[in-house]
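Below is one structure, written out as structure tokens, with a few remarks after it.
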Amino acid sequence: AQKVTQAQTEISVVEKEDVTLDCVYETRDTTYYLFWYKQPPSGELVFLIRRNSFDEQNEISGRYSWNFQKSTSSFNFTITASQVVDSAVYFCALVTLNTPLVFGKGTRLSVIA
Amino acid sequence: DAGVIQSPRHEVTEMGQEVTLRCKPISGHDYLFWYRQTMMRGLELLIYFNNNVPIDDSGMPEDRFSAKMPNASFSTLKIQPSEPRDSAVYFCASRNTTGGLSGNTIYFGEGSWLTVV
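For the record, the sequence lines run as chains A and B.
According to my numbering, the first sequence is numbered sequentially starting from 1.
According to my numbering, the second sequence is numbered sequentially starting from 1001.
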């Protein structure tokens, strides 16, 4: 069975600080996809990134970066120079070829001005 | 692409009434999912379809809930009769598994916010 663990329930940082959100996953499948979604106060689930299990290359998109390490089954998300608009709940999720998306419980990030 | 479209965005109904939530997946996507989100239970998978066929409905809470996907571009989630504990945000999502390396991203609709009073 698939499982995603986000150990950090809530994080609070001051604007311009860097923050890393942790995600650890479990699966026996060799082909899988990992996701991060952002849920702002308005409630929608916004897709941020997808990583497939065969691509461990880290990715950077503006102030966002993701560190995928199969050796530790982790897919961590770092926001550099955080801004108030980054305040949201962030979900890490996992899907395999034939199973639905499994979510972590989410990390609530509060960025204080 | 228009994305996953859900309706209604918000609904307030009285206990005992029938509620129908609607979803239009992204064109060409072969999977459709219904999730429910509450403060207590987080995001729960209710049911999902592959090529319009229900694959797993084990997450449907009870017989009051039913879901259909009559064609590739439309799905409904029905609650009859509704109860206050059904109050939640219901998300529809779709996935394309045939897109090769660029596929398999799962996109969500904006959600249907249901309040049963």
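Where a beta carbon is used, it is the ideal one built from N, C-alpha and C, also for glycine.
Note that the structure is a prediction, hence the values are computed from the model and not measured.
DSSP on residue i, reduced to helix/strand/coil?
i	result
Asp1057 (chain B)	coil
Ser61 (chain A)	strand
Ser1027 (chain B)	coil
Val84 (chain A)	helix
Under a Cβ-count criterion, where at least 16 other Cβ atoms within 10 Å of its own Cβ denotes burial, should residue i be classed as buried or exposed?
i	result
Ala93 (chain A)	buried
Glu1110 (chain B)	buried
Leu97 (chain A)	exposed
Gly106 (chain A)	buried
Asp86 (chain A)	buried
Ala1067 (chain B)	buried
Gln6 (chain A)	buried
Val84 (chain A)	exposed
Ser12 (chain A)	exposed
Val1012 (chain B)	exposed
Val14 (chain A)	exposed
Tell me whether the beta-carbon of residue i lies closer than 7 Å to the beta-carbon of residue j.
i	j	result
Ser1112 (chain B)	Leu1021 (chain B)	yes
His1029 (chain B)	Ser1094 (chain B)	yes
Ser74 (chain A)	Val111 (chain A)	no
Ile1079 (chain B)	Val1019 (chain B)	yes
Thr31 (chain A)	Ser53 (chain A)	yes
Thr80 (chain A)	Asp18 (chain A)	yes
Ala88 (chain A)	Lys16 (chain A)	no
Under 8 Å Cβ-Cβ, which residues of chain E neighbour residue i?
i	result
Glu1110 (chain B)	Of the protein chains in the structure, A and B, none is chain E.
If we require 3 or more residues per run, which beta strand (DSSP E) segments fall completely within the region 1060-1098 of chain B?
1065-1071, 1074-1079 and 1088-1095
Report yes or no: do three or more beta-carbon pairs, one from the region 1007-1021 of chain B and one from the region 50-68 of chain A, lie closer than 8 Å?
no
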